[in-house]
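Residue numbers (the numbering used here), protein chains in the order written: chain A, 122 to 235; chain B, 122 to 235. From the three backbone atoms N, C-alpha and C, an ideal C-beta is built for every residue, glycine too. Accompanying notes for the structure given below.
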DNA sequence: TAGGAATATTCCTATTAGAGTATATTTAAG
DNA sequence: CTTAAATATACTCTAATAGGAATATTCCTA
């Protein structure tokens, strides 16, 4: 939970979120990330550092290259956190159900369709 | 998706996240929120405005009070967005994931009974 | 071992965003 | 009609932060 909250604040930055979405499709080097997002290398490195320190990413050294990829934990944490809002999410579904029932009722009174 | 990204940046602010977590347990007025979070009323109002404009909250007027509560949509969006990381989440912790799936299945059968 | 490529780091600047304070607005009560 | 309560808004200040440029570091290769 605490981890999920930290992840949220880190992912609040657009470029960092973009990095995470890039890495969803597989690991990438710093240069590749900088190129794909059209940002400069130092900025990429800085964001990657923050993402790594918050344990959203992990690095693997390959000679003078650094290969970054996603860690699963923060996303699992976020999922757990989201589950604590399940009740709210369901409330509206129920309302929608009720609404649909109302529509069906009106439909019945208007013209008996089916 | 776009909505989920916006929600992330809005929830990146600690006080706003705290407000959202407060409202998980039910609707509250501005004063109640400010008091519970030990922040000043104008700050509460500002954060609530941002949260409302990003459609995370909705307001109801009651005389000179404003009652805020969560909207389900952004959380559903976040859930959808998180699902796009399912592959990464499944890579490791297969056992835990299976367990969660079992729980989800049980949950689904509960819901569909209603 | 010199040079170049990839990345990290440092320092600076400018923008931004949140906090604080004062004030405006709305509404109920007396 | 005045006042007080609840909330929103406007203004200012300050601090955090992202970006830019230059430089340091590491590692490979000729």
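query                                                                                                                                                                      : result
Out of curiosity, what's the CA-to-CA distance linking residue 210/A and residue 209/B?                                                                                    : 25 Å
What whole-angstrom Cβ distance do residue 177/B and residue 192/B have, given they're in contact under 8 Å?                                                               : 6 Å
For the region 167–177 of chain B and the region 164–179 of chain A, state whether three or more C-beta atom pairs, one from each stretch, are separated by less than 8 Å. : no
What's the gap between the Cα of residue 137/B and the Cα of residue 131/B?                                                                                                : 7 Å
Mind pulling the chain A residues with CB within less than 9 Å of residue 205/B?                                                                                           : 142, 145
What does the alpha-carbon distance come out to for the pair residue 148/A and residue 190/A?                                                                              : 5 Å
Do the CB positions of residue 139/A and residue 195/A come within less than 8 Å of each other?                                                                            : no
Short of 7 Å Cβ to Cβ, which residues in the region 185–203 of chain A face chain B?                                                                                       : 191, 193, 196, 197, 199, 200, 203
Counting contacts by CB-CB distance shorter than 8 Å, is residue 209/B in contact with chain A?                                                                            : yes
Report the neighbours of residue 129/B on chain A: residues whose CB is nearer than 7 Å to its CB, in chain order.                                                         : 129, 132, 133, 138
Alpha helix (DSSP H) containing residue 171/B: first to last residue?                                                                                                      : 162–174
With distance defined between alpha-carbon atoms, name the residue in 142/A, 151/A, 206/A, 164/A nearest to residue 185/A.                                                 : 151/A
Return the first residue and the last residue of the beta strand (DSSP E) that residue 184/A is part of.                                                                   : Taken as a continuous stretch (DSSP letters only), residue 184/A belongs to no beta strand (DSSP E), as it is neither H nor E.
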